[in-house]
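Asks: Heads up, the sequence shown is in full-length UniProt numbering, so the first residue is 1 and it goes up one at a time.
Heads up, the beta-carbon is just placed ideally off N, CA and C, and yes, glycines get one too.
Since we're looking at a predicted model, the values are computed, not measured.
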Amino acid sequence: MVKRTYSRRSQTPQTRLEEQSAKRRRVESSSDPISPALSPIISSDTIEPLSTPTPTNRHGTLHSSPPSSPPPIVSSTLKQSEALEPLIPPPRFLPTATRKEPLKESTGNARKIKPLRQQKLTQLTLDLGQKTQKKCQICGMEYRPSSPEDAALHKKYHAQNVGGIDLGKKFVDSIFVGQKVWTGSAGEMIIVVNRSAEARKRRVVESVLDVVEKELGGVGIDREELWTELSATSETDATAKCDRYKAYLYIRGYKCVGVCLTERIRSAYEVLVTTTRGEKGTSSRSSSITVSEESKAATMGISRIWTSTFARRSGIARKMLDAALDNFVYGMKVSKDMAAFSQPTESGGNLARSWFGRESGWLVYNE
(Lines of atoms letter the chains of each structure in order from A and count residues from 1; the text may use other names and numbers.)
(Lines give C-alpha, C1' and ligand atoms only; values in the text may rest on other atoms or scores of the structure.)
Protein backbone atom coordinates (compact mmCIF):
# COMPACT_ATOMS: atom_id res chain seq x y z
CA MET A 1 0.00 0.00 0.00
CA VAL A 2 1.38 3.32 -1.05
CA LYS A 3 0.94 6.22 1.31
CA ARG A 4 0.28 9.50 -0.38
CA THR A 5 0.92 12.84 1.09
CA TYR A 6 -0.28 16.26 -0.09
CA SER A 7 2.26 18.96 -0.03
CA ARG A 8 2.72 22.37 -1.52
CA ARG A 9 4.79 22.60 -4.54
CA SER A 10 7.97 24.47 -4.28
CA GLN A 11 7.69 28.14 -5.14
CA THR A 12 9.92 29.65 -7.68
CA PRO A 13 10.64 33.34 -8.03
CA GLN A 14 8.29 33.52 -10.99
CA THR A 15 5.32 32.02 -9.17
CA ARG A 16 5.94 34.25 -6.14
CA LEU A 17 5.84 37.31 -8.38
CA GLU A 18 2.53 36.27 -9.91
CA GLU A 19 0.98 35.77 -6.50
CA GLN A 20 2.07 39.20 -5.32
CA SER A 21 0.60 40.86 -8.42
CA ALA A 22 -2.68 39.00 -7.87
CA LYS A 23 -2.87 40.18 -4.26
CA ARG A 24 -2.21 43.75 -5.36
CA ARG A 25 -5.07 43.61 -7.83
CA ARG A 26 -7.45 42.31 -5.17
CA VAL A 27 -6.48 45.05 -2.71
CA GLU A 28 -7.00 47.75 -5.31
CA SER A 29 -10.39 46.40 -6.33
CA SER A 30 -11.57 46.06 -2.70
CA SER A 31 -10.55 49.63 -1.89
CA ASP A 32 -12.86 51.00 -4.59
CA PRO A 33 -15.14 53.46 -2.74
CA ILE A 34 -17.93 53.27 -5.28
CA SER A 35 -18.78 49.60 -5.38
CA PRO A 36 -19.66 48.81 -1.73
CA ALA A 37 -21.45 52.15 -1.22
CA LEU A 38 -23.73 51.79 -4.19
CA SER A 39 -25.07 48.29 -3.79
CA PRO A 40 -24.47 45.46 -1.34
CA ILE A 41 -25.72 42.90 -3.86
CA ILE A 42 -23.24 40.15 -4.70
CA SER A 43 -23.29 38.97 -8.25
CA SER A 44 -22.46 35.45 -9.18
CA ASP A 45 -20.19 36.73 -11.92
CA THR A 46 -17.89 38.37 -9.41
CA ILE A 47 -17.19 35.23 -7.43
CA GLU A 48 -13.65 34.04 -8.19
CA PRO A 49 -11.79 31.20 -6.61
CA LEU A 50 -8.84 32.37 -4.60
CA SER A 51 -5.81 30.16 -4.26
CA THR A 52 -3.96 30.64 -1.06
CA PRO A 53 -0.50 29.37 -0.31
CA THR A 54 -0.30 26.05 1.41
CA PRO A 55 0.83 26.44 5.02
CA THR A 56 4.23 24.91 5.96
CA ASN A 57 5.92 24.25 9.24
CA ARG A 58 9.17 25.65 10.41
CA HIS A 59 11.13 22.81 8.84
CA GLY A 60 9.75 23.62 5.42
CA THR A 61 7.69 20.51 5.04
CA LEU A 62 4.10 20.65 3.86
CA HIS A 63 1.19 20.01 6.19
CA SER A 64 -1.20 17.30 5.22
CA SER A 65 -4.71 18.43 4.20
CA PRO A 66 -7.88 16.63 3.25
CA PRO A 67 -8.41 15.82 -0.36
CA SER A 68 -11.28 18.33 -0.64
CA SER A 69 -10.42 21.87 -1.62
CA PRO A 70 -11.03 24.74 0.84
CA PRO A 71 -14.32 26.78 0.49
CA PRO A 72 -14.07 29.66 -1.92
CA ILE A 73 -13.85 33.17 -0.61
CA VAL A 74 -16.59 35.47 -1.94
CA SER A 75 -15.39 38.73 -3.26
CA SER A 76 -17.50 41.92 -3.05
CA THR A 77 -16.17 43.11 -6.35
CA LEU A 78 -18.94 44.38 -8.66
CA LYS A 79 -18.87 45.01 -12.27
CA GLN A 80 -18.23 48.55 -13.28
CA SER A 81 -21.56 48.80 -15.14
CA GLU A 82 -23.56 47.48 -12.18
CA ALA A 83 -21.70 49.62 -9.64
CA LEU A 84 -22.56 52.79 -11.52
CA GLU A 85 -26.28 52.02 -11.82
CA PRO A 86 -28.26 54.70 -9.94
CA LEU A 87 -30.57 53.72 -7.10
CA ILE A 88 -33.17 56.36 -8.10
CA PRO A 89 -35.66 55.05 -10.67
CA PRO A 90 -35.77 56.70 -14.06
CA PRO A 91 -38.05 59.69 -14.48
CA ARG A 92 -40.60 57.74 -16.50
CA PHE A 93 -41.50 55.66 -13.41
CA LEU A 94 -41.97 58.67 -11.10
CA PRO A 95 -45.55 59.98 -10.59
CA THR A 96 -46.14 63.20 -12.38
CA ALA A 97 -48.40 65.95 -10.99
CA THR A 98 -51.37 66.65 -13.19
CA ARG A 99 -52.89 70.09 -13.45
CA LYS A 100 -56.49 70.09 -12.23
CA GLU A 101 -59.03 72.42 -13.74
CA PRO A 102 -61.50 74.31 -11.51
CA LEU A 103 -65.03 72.95 -11.18
CA LYS A 104 -67.50 74.30 -13.63
CA GLU A 105 -70.76 75.84 -12.55
CA SER A 106 -72.78 73.39 -14.60
CA THR A 107 -72.13 70.15 -16.39
CA GLY A 108 -73.06 69.17 -19.87
CA ASN A 109 -75.83 66.90 -18.59
CA ALA A 110 -77.57 69.70 -16.67
CA ARG A 111 -80.81 70.95 -18.12
CA LYS A 112 -80.54 74.44 -19.42
CA ILE A 113 -82.78 76.97 -17.73
CA LYS A 114 -84.83 78.93 -20.14
CA PRO A 115 -84.95 82.65 -19.47
CA LEU A 116 -88.27 83.89 -18.15
CA ARG A 117 -90.36 85.79 -20.56
CA GLN A 118 -91.35 89.23 -19.48
CA GLN A 119 -95.05 89.27 -18.68
CA LYS A 120 -97.04 91.83 -20.50
CA LEU A 121 -98.95 94.17 -18.20
CA THR A 122 -102.53 95.04 -19.00
CA GLN A 123 -104.38 97.96 -17.47
CA LEU A 124 -107.63 96.67 -15.97
CA THR A 125 -108.81 99.76 -14.09
CA LEU A 126 -109.42 103.19 -15.53
CA ASP A 127 -109.15 106.11 -13.13
CA LEU A 128 -111.53 108.72 -14.50
CA GLY A 129 -112.18 110.51 -11.23
CA GLN A 130 -114.95 108.20 -10.07
CA LYS A 131 -115.17 106.68 -6.60
CA THR A 132 -113.12 103.50 -6.43
CA GLN A 133 -113.96 102.61 -2.82
CA LYS A 134 -117.33 101.22 -1.85
CA LYS A 135 -118.72 100.60 1.61
CA CYS A 136 -121.04 97.68 2.23
CA GLN A 137 -124.17 98.88 4.02
CA ILE A 138 -124.62 95.50 5.75
CA CYS A 139 -121.18 94.45 6.98
CA GLY A 140 -119.59 97.93 6.87
CA MET A 141 -116.45 96.88 4.97
CA GLU A 142 -114.88 99.25 2.44
CA TYR A 143 -113.48 97.60 -0.68
CA ARG A 144 -112.86 98.12 -4.40
CA PRO A 145 -115.35 96.20 -6.55
CA SER A 146 -113.02 96.41 -9.57
CA SER A 147 -110.31 94.46 -7.74
CA PRO A 148 -110.84 90.68 -7.73
CA GLU A 149 -108.80 90.33 -4.53
CA ASP A 150 -110.87 92.95 -2.69
CA ALA A 151 -114.12 91.45 -3.95
CA ALA A 152 -113.15 87.97 -2.72
CA LEU A 153 -112.04 89.36 0.65
CA HIS A 154 -115.32 91.26 1.05
CA LYS A 155 -117.31 88.15 0.19
CA LYS A 156 -115.53 86.17 2.88
CA TYR A 157 -115.84 88.92 5.48
CA HIS A 158 -119.49 89.52 4.62
CA ALA A 159 -120.39 85.84 5.00
CA GLN A 160 -118.49 85.61 8.28
CA ASN A 161 -120.09 88.62 9.92
CA VAL A 162 -123.56 88.53 8.40
CA GLY A 163 -124.29 84.82 8.34
CA GLY A 164 -122.41 84.11 11.56
CA ILE A 165 -118.93 82.92 12.50
CA ASP A 166 -118.24 79.39 11.30
CA LEU A 167 -117.30 77.08 14.20
CA GLY A 168 -116.98 73.82 12.29
CA LYS A 169 -118.75 70.50 12.63
CA LYS A 170 -116.04 69.06 14.86
CA PHE A 171 -116.45 71.82 17.44
CA VAL A 172 -120.25 71.57 17.56
CA ASP A 173 -120.22 67.77 17.81
CA SER A 174 -117.79 67.92 20.76
CA ILE A 175 -120.19 69.97 22.91
CA PHE A 176 -121.49 67.87 25.81
CA VAL A 177 -124.64 68.28 27.86
CA GLY A 178 -122.97 70.07 30.78
CA GLN A 179 -121.93 72.97 28.53
CA LYS A 180 -125.45 73.60 27.20
CA VAL A 181 -127.35 76.18 29.26
CA TRP A 182 -130.28 76.59 26.86
CA THR A 183 -131.68 74.56 23.95
CA GLY A 184 -134.25 75.75 21.39
CA SER A 185 -136.84 73.84 19.44
CA ALA A 186 -135.07 74.34 16.09
CA GLY A 187 -131.77 72.85 17.29
CA GLU A 188 -130.38 76.17 18.47
CA MET A 189 -128.47 76.24 21.74
CA ILE A 190 -126.50 78.45 24.08
CA ILE A 191 -123.28 77.04 25.54
CA VAL A 192 -120.93 78.39 28.20
CA VAL A 193 -117.12 78.32 27.90
CA ASN A 194 -115.12 79.12 31.02
CA ARG A 195 -111.62 78.70 32.36
CA SER A 196 -112.01 74.94 32.89
CA ALA A 197 -113.02 74.25 29.26
CA GLU A 198 -110.74 72.54 26.76
CA ALA A 199 -108.00 74.62 25.19
CA ARG A 200 -109.52 74.10 21.73
CA LYS A 201 -112.85 75.59 22.83
CA ARG A 202 -111.10 78.54 24.48
CA ARG A 203 -109.25 79.27 21.23
CA VAL A 204 -112.56 79.30 19.35
CA VAL A 205 -113.95 81.85 21.83
CA GLU A 206 -110.85 84.00 21.33
CA SER A 207 -111.33 84.00 17.54
CA VAL A 208 -115.00 84.96 17.97
CA LEU A 209 -114.03 87.83 20.29
CA ASP A 210 -111.57 89.10 17.67
CA VAL A 211 -114.43 89.55 15.21
CA VAL A 212 -116.64 91.17 17.87
CA GLU A 213 -114.00 93.66 19.01
CA LYS A 214 -113.22 94.59 15.42
CA GLU A 215 -116.88 95.38 14.71
CA LEU A 216 -117.59 97.13 18.02
CA GLY A 217 -114.30 99.04 17.95
CA GLY A 218 -113.52 98.19 21.56
CA VAL A 219 -110.19 97.58 23.24
CA GLY A 220 -109.20 93.93 23.21
CA ILE A 221 -108.87 91.87 26.38
CA ASP A 222 -105.55 90.22 27.12
CA ARG A 223 -105.85 86.50 26.44
CA GLU A 224 -103.97 85.56 29.61
CA GLU A 225 -106.29 87.75 31.65
CA LEU A 226 -109.34 86.29 29.94
CA TRP A 227 -108.96 82.86 31.57
CA THR A 228 -107.91 83.88 35.09
CA GLU A 229 -109.80 83.46 38.36
CA LEU A 230 -110.66 85.78 41.26
CA SER A 231 -111.33 85.32 44.95
CA ALA A 232 -115.06 84.94 45.58
CA THR A 233 -116.68 86.84 48.45
CA SER A 234 -117.86 84.03 50.67
CA GLU A 235 -118.60 84.16 54.40
CA THR A 236 -117.89 80.46 54.88
CA ASP A 237 -114.72 80.09 52.78
CA ALA A 238 -112.31 82.99 52.41
CA THR A 239 -110.13 81.08 49.92
CA ALA A 240 -112.95 80.37 47.45
CA LYS A 241 -112.12 81.09 43.79
CA CYS A 242 -114.33 81.87 40.81
CA ASP A 243 -113.82 82.46 37.08
CA ARG A 244 -113.30 86.06 36.11
CA TYR A 245 -114.89 85.71 32.65
CA LYS A 246 -117.49 83.39 31.13
CA ALA A 247 -118.43 83.37 27.45
CA TYR A 248 -121.92 82.40 26.22
CA LEU A 249 -122.19 81.43 22.54
CA TYR A 250 -125.48 81.28 20.66
CA ILE A 251 -125.05 78.52 18.06
CA ARG A 252 -127.32 77.97 15.08
CA GLY A 253 -126.28 75.00 12.98
CA TYR A 254 -122.47 75.13 12.80
CA LYS A 255 -122.21 78.91 13.17
CA CYS A 256 -122.08 81.32 16.07
CA VAL A 257 -124.65 84.09 15.58
CA GLY A 258 -124.30 85.67 19.02
CA VAL A 259 -121.87 85.96 21.93
CA CYS A 260 -122.13 87.43 25.44
CA LEU A 261 -118.99 87.84 27.56
CA THR A 262 -119.70 88.24 31.28
CA GLU A 263 -117.31 89.35 34.04
CA ARG A 264 -117.27 89.00 37.82
CA ILE A 265 -117.56 92.49 39.40
CA ARG A 266 -117.99 93.96 42.90
CA SER A 267 -119.73 97.31 42.34
CA ALA A 268 -121.39 99.46 39.69
CA TYR A 269 -123.07 102.89 39.25
CA GLU A 270 -126.75 103.65 38.72
CA VAL A 271 -127.90 105.36 35.54
CA LEU A 272 -129.75 108.65 36.11
CA VAL A 273 -132.56 110.15 34.11
CA THR A 274 -131.36 112.46 31.33
CA THR A 275 -133.73 114.23 28.95
CA THR A 276 -133.30 117.00 26.40
CA ARG A 277 -135.81 119.62 25.30
CA GLY A 278 -136.68 119.84 21.64
CA GLU A 279 -137.52 122.91 19.59
CA LYS A 280 -141.27 122.58 20.32
CA GLY A 281 -140.72 121.84 24.02
CA THR A 282 -140.98 118.04 23.64
CA SER A 283 -138.61 115.86 25.64
CA SER A 284 -136.35 113.34 23.86
CA ARG A 285 -134.00 110.67 25.06
CA SER A 286 -130.28 111.51 24.98
CA SER A 287 -127.66 109.10 23.65
CA SER A 288 -125.32 110.00 26.52
CA ILE A 289 -125.57 108.33 29.92
CA THR A 290 -125.28 110.03 33.29
CA VAL A 291 -124.46 107.91 36.33
CA SER A 292 -124.51 108.50 40.08
CA GLU A 293 -121.41 109.26 42.10
CA GLU A 294 -122.05 106.57 44.70
CA SER A 295 -121.53 102.94 43.73
CA LYS A 296 -123.80 100.02 44.47
CA ALA A 297 -123.11 96.32 44.92
CA ALA A 298 -123.14 94.23 41.74
CA THR A 299 -122.25 90.66 40.81
CA MET A 300 -122.36 90.12 37.04
CA GLY A 301 -120.93 92.52 34.50
CA ILE A 302 -121.80 92.34 30.78
CA SER A 303 -118.46 93.08 29.12
CA ARG A 304 -119.33 92.30 25.45
CA ILE A 305 -122.59 91.37 23.73
CA TRP A 306 -122.94 90.93 19.96
CA THR A 307 -125.30 89.35 17.44
CA SER A 308 -124.87 88.72 13.74
CA THR A 309 -126.37 91.28 11.37
CA PHE A 310 -129.09 89.05 9.93
CA ALA A 311 -129.88 87.59 13.39
CA ARG A 312 -130.61 90.90 15.08
CA ARG A 313 -134.02 91.89 16.46
CA SER A 314 -134.92 88.22 16.92
CA GLY A 315 -134.49 88.02 20.71
CA ILE A 316 -131.03 86.36 20.65
CA ALA A 317 -129.40 88.97 22.91
CA ARG A 318 -132.20 88.76 25.51
CA LYS A 319 -131.94 84.94 25.55
CA MET A 320 -128.19 85.10 26.17
CA LEU A 321 -128.66 87.60 29.03
CA ASP A 322 -131.32 85.43 30.70
CA ALA A 323 -129.12 82.32 30.36
CA ALA A 324 -126.19 84.20 31.92
CA LEU A 325 -128.28 85.14 34.98
CA ASP A 326 -129.19 81.48 35.54
CA ASN A 327 -125.67 80.10 35.08
CA PHE A 328 -123.18 82.79 36.09
CA VAL A 329 -122.97 81.82 39.79
CA TYR A 330 -123.03 78.11 40.54
CA GLY A 331 -126.10 77.03 42.49
CA MET A 332 -127.97 80.34 42.41
CA LYS A 333 -129.65 82.77 40.03
CA VAL A 334 -128.34 86.30 39.85
CA SER A 335 -130.94 89.02 40.21
CA LYS A 336 -131.34 91.39 37.29
CA ASP A 337 -130.70 94.30 39.65
CA MET A 338 -127.21 92.84 40.35
CA ALA A 339 -126.23 92.92 36.65
CA ALA A 340 -124.48 95.87 35.01
CA PHE A 341 -123.44 96.86 31.48
CA SER A 342 -119.92 98.00 30.61
CA GLN A 343 -120.15 101.53 29.12
CA PRO A 344 -122.69 100.57 26.45
CA THR A 345 -122.85 102.08 22.99
CA GLU A 346 -126.06 103.61 21.66
CA SER A 347 -127.37 100.23 20.51
CA GLY A 348 -126.16 98.65 23.78
CA GLY A 349 -128.02 101.30 25.78
CA ASN A 350 -131.21 100.57 23.86
CA LEU A 351 -130.80 96.85 24.60
CA ALA A 352 -130.26 97.57 28.32
CA ARG A 353 -133.41 99.74 28.55
CA SER A 354 -135.42 97.08 26.77
CA TRP A 355 -134.10 94.24 28.93
CA PHE A 356 -134.42 96.09 32.27
CA GLY A 357 -137.79 97.55 31.26
CA ARG A 358 -137.03 101.14 32.34
CA GLU A 359 -135.17 104.19 31.12
CA SER A 360 -132.97 104.63 34.22
CA GLY A 361 -132.10 102.90 37.43
CA TRP A 362 -130.05 100.12 35.87
CA LEU A 363 -126.32 99.76 36.54
CA VAL A 364 -123.15 100.56 34.57
CA TYR A 365 -119.57 99.68 35.57
CA ASN A 366 -116.08 100.63 34.44
CA GLU A 367 -113.73 97.89 33.23
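Count the other CB atoms, across all protein chains shown, that sit within 10 Å of the CB of residue 201; report buried if there are 16 or more and exposed otherwise.
Replies: Residue mapping note: residue 201 aligns to position 201 of the sequence shown, counting from 1. Buried.
Asks: Can you find the residues in the same chain that come closer than 7 Å, C-beta to C-beta, to residue 362, ignoring five residues on each side of it along the sequence?
Replies: Counting from 1 along the sequence shown, the entry for residue 362 is found at position 362. Excluding residues within five positions, the ones whose Cβ falls inside 7 Å are 271, 352, 356.
Asks: Look up residue 332 in the DSSP assignment and say whether it is helix, strand or coil.
Replies: As a first step, residue 332 must be located in the sequence shown, where it is residue number 332. Of the three classes helix, strand and coil, the one that applies to residue 332 here is coil, per DSSP.
Asks: Under a Cβ-count criterion, where at least 16 other Cβ atoms within 10 Å of its own Cβ denotes burial, should residue 368 be classed as buried or exposed?
Replies: Here the chain covers residues 1 to 367 and nothing more, so residue 368 does not appear.
Asks: CB-CB under 8 Å to residue 188, same chain, minus the five flanking residues each way: which ones, in chain order?
Replies: In the sequence shown, residue 188 corresponds to position 188, counting from 1. Excluding sequence neighbours, residue 188 sits near 250, 251, 252.
Asks: Would you say residue 209 lies against chain C (beta-carbon separation less than 8 Å)?
Replies: Going by chain labels, chain C is absent from the structure shown, which holds only one protein chain.
Asks: How about residue 307 and residue 316: do their beta carbons lie closer than 8 Å?
Replies: As a first step, residue 307 must be located in the sequence shown, where it is residue number 307. As a first step, residue 316 must be located in the sequence shown, where it is residue number 316. Yes. Within cutoff.
Asks: By DSSP, does residue 152 sit in helix, in strand, or in coil?
Replies: The count along the sequence shown starts at 1 and reaches residue 152 at position 152. Reduced to three states, the DSSP call for residue 152 is helix.
Asks: Tell me where the alpha helix (DSSP H) around residue 221 begins and ends.
Replies: Position 221 of the sequence shown holds residue 221. From DSSP, residue 221 is part of no alpha helix (DSSP H); its letter is neither H nor E.
Asks: Count the CB pairs spanning the region 297–305 and the region 336–351 that are closer than 8 Å, and state whether there are at least three.
Replies: yes
Asks: Where does residue 270 sit, in a helix, a strand or coil, going by DSSP?
Replies: The sequence position of residue 270 within the sequence shown is 270, counting from 1. If DSSP states are grouped into helix, strand and coil, residue 270 belongs with the strands.
Asks: In chain order, what residues of the same chain have a beta carbon less than 6 Å from the beta carbon of residue 172, not counting five sequence neighbours either side?
Replies: Numbered from its first residue, the sequence shown carries residue 172 at position 172. So the qualifying residues of the chain are 254.
Asks: Rounded to the nearest angstrom, how far is the Cβ of residue 260 from that of residue 311, given a contact under 8 Å?
Replies: Residue 260 sits at position 260 when you count from the first residue of the sequence shown. Residue 311 sits at position 311 when you count from the first residue of the sequence shown. 13 Å between Cβ atoms; not a contact.
Asks: Could you have a look at residue 157 and say whether DSSP puts it in helix, strand or coil?
Replies: The residue given as residue 157 occupies position 157 in the sequence shown. Three-state DSSP puts residue 157 in a helix.
Asks: Hey, quick one: how far does the beta strand (DSSP E) through residue 293 stretch, first residue to last?
Replies: For the purposes of this step, residue 293 is taken as residue 293 along the sequence shown, with counting starting at 1. Looking at the DSSP string, the run of the beta strand (DSSP E) that includes residue 293 is 290–297.
Asks: Please report the straight-line C-alpha distance between residue 184 and residue 162, rounded to a whole angstrom.
Replies: Here residue 184 refers to the residue found at position 184 of the sequence shown. Here residue 162 refers to the residue found at position 162 of the sequence shown. So the alpha carbons of these two residues sit roughly 21 Å apart.
Asks: Going by the beta-carbon positions, is the gap between residue 191 and residue 181 smaller than 8 Å?
Replies: Counting from one through the sequence shown, the residue named residue 191 turns up at place 191. Counting from one through the sequence shown, the residue named residue 181 turns up at place 181. In this structure, residue 191 sits near residue 181, with a CB-CB distance shorter than 8 Å.
Asks: Just to confirm the assignment, what range does the beta strand (DSSP E) spanning residue 197 have?
Replies: In the sequence shown, counting from the first residue as 1, residue 197 sits at position 197. No beta strand (DSSP E) holds residue 197; DSSP gives it neither H nor E.
Asks: Compute every distance between the C-beta of residue 242 and the non-hydrogen atoms of the ligand HEM, then say whether any falls below 7 Å.
Replies: With respect to small molecules bound, the structure shown includes none, and the ligand HEM cannot be examined in it.
Asks: So is residue 386 buried or exposed if we call it buried at 16+ other beta carbons inside 10 Å?
Replies: Nothing in the structure corresponds to residue 386, since the chain is present only between 1 and 367.
Asks: Let me know the secondary structure DSSP gives residue 355 once reduced to three states.
Replies: Within the sequence shown, numbered from 1, the residue matching residue 355 stands at position 355. Helix, per DSSP.
Asks: From residue 155 to residue 147, what does the alpha carbon distance come to, in whole angstroms?
Replies: In the sequence shown, counting from the first residue as 1, residue 155 sits at position 155. In the sequence shown, counting from the first residue as 1, residue 147 sits at position 147. When the Cα atoms are used, residue 155 and residue 147 turn out to be separated by approximately 12 Å.
Asks: Thinking residue 295 and residue 335 are a contact (beta carbons under 8 Å), I'd like their distance in whole angstroms, please.
Replies: Along the sequence shown, one-based indexing puts residue 295 at 295. Along the sequence shown, one-based indexing puts residue 335 at 335. That belief does not hold up - the Cβ atoms of residue 295 and residue 335 are roughly 17 Å apart, past 8 Å.
Asks: Can you tell me whether DSSP reads residue 347 as helix, strand or coil?
Replies: Taking the first residue of the sequence shown as position 1, residue 347 is located at position 347. Of the three classes helix, strand and coil, the one that applies to residue 347 here is helix, per DSSP.
Asks: Is it true that the CB of residue 320 sits closer than 8 Å to the CB of residue 248?
Replies: Here residue 248 corresponds to residue number 248 of the sequence shown, with the count starting at 1. Here residue 320 corresponds to residue number 320 of the sequence shown, with the count starting at 1. Cβ distance < 8 Å, so residue 248 and residue 320 count as in contact.
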